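Taken in sequence, the protein lines are chains A and B.
The numbering of the first sequence is our numbering, which starts it at 52 and goes up by one.
The numbering of the second sequence is our numbering, which starts it at 52 and goes up by one.
Beta carbons: idealized from backbone N, C-alpha and C, even for Gly.
Predicted model only: the values in this text are computed from it and were never measured.
Below you'll find the structure, written out as structure tokens, and then a few comments.
2 protein chains.
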Amino acid sequence: MIGRNTLLKLMILEKLRDKNQYVVRELAWDIGTKPEYVNMLISDLKKNYLIDVDRGVVYWNPADNPSTLKPWGWSLEHKMIVGSTQEVARGRGPWSVVIAEYMLLGRGRHGKKWVCSLGGLWITFKLPVDPVTASLAPIILPVILVRIFRKNYDLSAGIKWPNDIIIDGKKIAGILLEAEAFKDQILLYIGIGLNINNDPPLEGTTSLKEVLGRLTPRNRFLSLLIGWIARLKKLAEDQDEIRKSYIEYLETLNKTIVAKTYSGEIRGKVVDVGDSGELIVETEKGLKILDPVTTIELRHIK
Amino acid sequence: MIGRNTLLKLMILEKLRDKNQYVVRELAWDIGTKPEYVNMLISDLKKNYLIDVDRGVVYWNPADNPSTLKPWGWSLEHKMIVGSTQEVARGRGPWSVVIAEYMLLGRGRHGKKWVCSLGGLWITFKLPVDPVTASLAPIILPVILVRIFRKNYDLSAGIKWPNDIIIDGKKIAGILLEAEAFKDQILLYIGIGLNINNDPPLEGTTSLKEVLGRLTPRNRFLSLLIGWIARLKKLAEDQDEIRKSYIEYLETLNKTIVAKTYSGEIRGKVVDVGDSGELIVETEKGLKILDPVTTIELRHIK
């Protein structure tokens, strides 16, 4: 289900995406409502988008509108509503970026349902990589995200194993990796959900808006991200450096955790990380190993 | 609220509107779902639209797709989702036809909420008329609709006062008239909701699909309607003939009714219709007059 007003807001965004200034009255005609109703919807949109109204003219800050980005070497598609950006990317060529303002069938890891809200960045990158880069992607991607939060936003972000990004213990970004064999290469689908200017969608989550206390232009984060992902292969070349960073950023290390796995619950203290990213957990019944494939859920206890 | 699958179906219709054949796999990519899911949605769409799938290719019968109509002298706009077609028409010039597959803020008479479902025809006609034609429109429009149902579909349609169209006592079409002064002319907004291939949206309603037992190409009804509405002035010239037809088709005449008005409930037998379309009702307390402006709801009892 999607609320009527959410849908009307997406219709307004679609109009503003293609023409960044719009007279309120014309916007009302084009979506088929009264101007007063559009004004109400816009006041609401202003909470999650860099949108302003001045003397009856609505304006979407181009730095917040992904359609205005033309990243060199990439084909960028910015849609309003899709099932899932991962599925849109299936039909696109390599070096595609698919962004949606709203996903109806968003997926998380282990087929978990994914809750959407307006103002975030929901993206899939599709690119060809060699097998080594593909195998390291699960640790490179969270490292990239943490570095952006730390270096460009001055925030103490960390990794919650295996690849959620957290700030103050709350999830701010998630990653979903999928791959397809393509001749001797691998086509990587990097799904990234970033809580930017959206209100935190669930308990235990946060957003840049909440952390910074203000809205931020999404294209800044997006350009940084595209720049790093274009250099994925380069980052994979220095495996030791990446592994070191991953472990440095991994807040799960030395934490007491509870994990739900396909073979039951595991509770204990994380004492180490293996070479393939598996966790070594000290439990009452001795050491246990957690790997991302069979771990459905993990919580930090203390 | 709008269901996720309804929205995905509208996204499919939008793709088919602009390109009447589509490979299922490409459709899946473009809306961001898996082909199996698209196939499921299409089987569902086939219940309300003349849509077919043959060897992985989806096809929308052009006679069911209003976008393929190019009515002479009219500018036709066919949208997927709008607030209300009446409001879209506000921003369009005279001689516009606005059609939507789904309305989020559909209105009925007396500001009643209007329930939308897929497969009907939800239309606003905007045209300039002289004052006489404008004043007769409330009786000409139902007469036009009844004639189409009777002559072109061989169905015994009638009018439920003031201007609902009924078949076997069930509502199949509704009319909402609004007007704007424009120099010495009047700009008329004729909103018409027609239950064509949709499933009857409410208790006491029916649709052409239900009455005929099969789907029917919507453009046939639409062309007939456009043709009649283009001749509105001509029809208004013979007032007597129109009034005679209106009264002939008016099933409310001689019926026992219950009416909800702004000044209370009225119950009695309808014995006559006045020159301005008002009903003369014989109640226990003597004759009462019902006019469309102050009557909120009317039910036929027997």
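Which whole-angstrom value describes the C-beta separation of residue i and residue j, a residue pair presumed to lie in contact below a C-beta threshold of 8 Å?
i	j	result
LEU169 of chain B	ASN249 of chain B	6 Å
GLY83 of chain B	GLY134 of chain A	4 Å
ARG141 of chain A	TRP80 of chain B	6 Å
ILE340 of chain A	GLU329 of chain A	5 Å
LYS97 of chain B	LEU78 of chain B	No, LYS97 of chain B and LEU78 of chain B are not in contact; Cβ-Cβ is about 14 Å, not under 8 Å.
ILE150 of chain A	PRO117 of chain A	5 Å
PRO189 of chain A	ILE216 of chain A	Their Cβ separation, rounded to whole angstroms, is 13 Å, which puts PRO189 of chain A and ILE216 of chain A out of contact at 8 Å.
ASP219 of chain B	THR184 of chain B	Between THR184 of chain B and ASP219 of chain B the Cβ distance is about 32 Å, and since that is not below 8 Å, they are no contact.
LEU286 of chain B	ILE293 of chain B	6 Å
THR175 of chain B	GLY242 of chain B	5 Å
TYR73 of chain B	VAL109 of chain B	5 Å
What are the boundary residues of the alpha helix (DSSP H) that includes residue i?
i	result
ASP69 of chain B	55–69
VAL332 of chain A	It is not in any alpha helix (DSSP H) - VAL332 of chain A instead sits in the beta strand (DSSP E) that spans 330–334.
VAL139 of chain A	136–141
LEU283 of chain B	283–288
Is residue i close to chain A? Criterion is C-beta to C-beta, closer than 8 Å.
i	result
ILE277 of chain B	no
GLU138 of chain B	yes
ARG282 of chain B	no
LYS85 of chain B	yes
SER135 of chain B	yes
ASP81 of chain B	yes
MET52 of chain B	yes
LEU178 of chain B	no
ARG55 of chain B	yes
ALA238 of chain B	First, the amino acid is wrong: residue 238 of chain B is Leu here, not Ala. No - not a single Cβ of chain A is within 8 Å of the one on LEU238 of chain B.
LEU155 of chain B	yes
From the DSSP output, in three-state form, read off residue i for me.
i	result
TRP123 of chain A	coil
MET52 of chain B	coil
ILE277 of chain A	helix
ASP235 of chain A	coil
SER118 of chain B	helix
THR345 of chain A	coil
LEU301 of chain A	strand
ASP215 of chain A	strand
VAL148 of chain B	strand
LYS295 of chain A	helix
ILE247 of chain B	coil
ILE352 of chain A	coil
LEU338 of chain A	strand
ASP404 of chain A	Residue 404 of chain A lies beyond the stretch modelled for chain A, which goes from 52 to 353, so this question has no answer here.
If you measure from the beta carbon of residue i to each beta carbon in chain B, is any gap under 8 Å?
i	result
GLU231 of chain A	no
ILE132 of chain A	yes
TRP146 of chain A	no
GLU254 of chain A	no
LEU263 of chain A	no
LEU228 of chain A	no
GLY142 of chain A	yes
MET62 of chain A	yes
LEU96 of chain A	no
GLU77 of chain A	yes
LEU59 of chain A	yes
LEU101 of chain A	no
With respect to the beta strand (DSSP E) encompassing residue i, which residues constitute its N-terminal and C-terminal limits?
i	result
VAL109 of chain B	108–111
THR85 of chain B	Looking at the sequence shown, residue 85 of chain B is not Thr but Lys. Segment: none, LYS85 of chain B is in no beta strand (DSSP E) and carries neither H nor E.
GLY157 of chain A	Counting along the chain, GLY157 of chain A falls outside any beta strand (DSSP E), and DSSP gives it neither H nor E.
ILE210 of chain A	208–211
VAL183 of chain A	First-last for VAL183 of chain A: 182–198, but that is the alpha helix (DSSP H), not the beta strand (DSSP E).
ASP205 of chain A	Taken as a continuous stretch (DSSP letters only), ASP205 of chain A belongs to no beta strand (DSSP E), as it is neither H nor E.
VAL104 of chain B	102–105
What residues are listed by DSSP as bridge partners for residue i?
i	result
GLY242 of chain B	B:THR175, B:LEU227
THR256 of chain A	A:LYS222
GLY319 of chain A	A:ILE308
GLN72 of chain B	B:TYR110
GLU261 of chain A	Paired residue(s): none; GLU261 of chain A is not in a bridge.
GLU128 of chain B	B:VAL149
LYS164 of chain A	A:ARG158
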